[in-house]
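Visitor: Before we start, here is the structure in question, set down as structure tokens.
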Amino acid sequence: MFEALGVDPSAVCVVGDSLEWDIRPARMLGCRTVLYDPDAPPGEEGDRCEADIVARTLESLVIHLPGPQRLQPETI
55 MFEALGVDPS AVCVVGDSLE WDIRPARMLG CRTVLYDPDA PPGEEGDRCE ADIVARTLES
115 LVIHLPGPQR LQPETI
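Taking my numbering, the leading residue of the sequence shown gets 55, the next gets one more, and so forth.
Structure follows, in structure tokens:
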């Protein structure tokens, strides 16, 4: 899939709310991962550490996503 698109998996960031369906498969493919978990206690990720980043709000995703142009939180 990545070869057909000419993209290296390490350049892809998968954002999801499920460890089983989003995070684990993406990590197996070599992608970076962000787990969206609004109920995660601050500083206590537990088994959620399987993701590269745990985001508690959608607005906080802006600071974690790479790119030359970042959206302002109010545009999300």
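Here a beta-carbon is modelled for each residue, glycine too, at the ideal position from N, C-alpha and C.
1. State the CB to CB distance for the pair C67 and R86, rounded to an integer number of angstroms; the pair is presumed to be in contact (CB under 8 Å).
2. I need the DSSP call for A94, collapsed to helix, strand or coil.
3. Decide if L112 is buried, meaning its Cβ has at least 16 other Cβ atoms within 10 Å, or exposed.
4. Less than 8 Å between the CB atoms is what I'm expecting for D62 and G70, so what's the real figure, rounded?
5. By a C-beta neighbour count over all protein chains shown, 10 Å radius and 16 as the cutoff for buried, is A65 buried or exposed?
Guide: On the basis of the supplied data:
1. That belief holds up - the Cβ atoms of C67 and R86 are roughly 5 Å apart, short of 8 Å.
2. Coil, per DSSP.
3. By the neighbour-count rule (16 or more Cβ atoms within 10 Å), L112 is not buried but exposed.
4. Going by Cβ atoms, the distance from D62 to G70 rounds to 20 Å, so no, they are not a contact pair.
5. So A65 ends up on the exposed side.
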